[in-house]
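Report on the structure given below.
In the numbering used here, the protein residues as written are 384 to 551.
Shown next, in the form of structure tokens:
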């Protein structure tokens with residue numbers, strides 16, 4: 384197999400994992416958004432910001448420990464700082480779309496709010512995918528990444544201690 388197609392396969396696999404975590408994050412985001420709107424009198428964009436922050440926390444765990452688990456882990460503080468910075472930009476994009484629809488066009492029914500929240504999430508996701516893979520979860524050199532994945536795959540199962548025998 385050519386290295387180029389191998390790189391494409393890695394990108395497709397990465398995008399699929401990103402999409403799985405992101406899809407679950409969308410459900411968290413929309414669920415929290417609708418819950419906050421239902422149980423409080425907060426304005427629509429404030430409720431959306433709360434939901435987005437909860438989804439950002441959820442997504443970080445999924446991205447770090449599943450999607451990008453083979454990426455460099457040496458600069459965790461820098462990684463988290465960049466993740467939060469780019470997530471904040473995504474938050475502005477996502478909620479900017481909702482703000483424009485709600486206050487710019489007056490589209491503020493529950494259905495319209497959910498549609499434009501979803502559209503905002505979609506636009507922000509394109510930015511987040513690019514920024515996270517480029518700046519936050521940086522790739523290790525290929526040889527080092529392969530050795531980490533191989534080590535994880537070949538870890539023996541933890542040994543159980545032998546049962547204690549009773550002495551009569």
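Ideal Cβ positions, reconstructed from N, Cα and C, are used throughout, including at glycine.
May I ask which residues mark the beginning and end of the alpha helix (DSSP H) holding residue i?
i, result
"residue 513", "493 to 514"
"residue 445", "427 to 445"
"residue 464", "459 to 482"
Could you tell me the distance, in whole angstroms, from the CA atom of residue i to the CA atom of residue j?
i, j, result
"residue 503", "residue 463", "23 Å"
"residue 474", "residue 435", "7 Å"
"residue 494", "residue 439", "23 Å"
"residue 521", "residue 497", "33 Å"
"residue 482", "residue 398", "29 Å"
"residue 451", "residue 478", "26 Å"
"residue 424", "residue 492", "14 Å"
"residue 448", "residue 421", "32 Å"
"residue 457", "residue 395", "25 Å"
"residue 471", "residue 389", "33 Å"
"residue 461", "residue 411", "26 Å"
"residue 455", "residue 517", "12 Å"
Mind checking whether residue i and residue j have CB atoms under 7 Å apart?
i, j, result
"residue 465", "residue 519", "yes"
"residue 430", "residue 416", "yes"
"residue 480", "residue 499", "yes"
"residue 488", "residue 401", "no"
"residue 427", "residue 485", "yes"
"residue 419", "residue 433", "yes"
"residue 476", "residue 437", "no"
"residue 446", "residue 514", "no"
**Message:** What ranges does the alpha helix (DSSP H) occupy inside the segment 388 to 424, keeping only unbroken runs of at least 4 residues that lie completely in it?
**Reply:** Taking 4 residues as the shortest admissible run, the segment 388 to 424 contains no complete alpha helix (DSSP H) segment at all.
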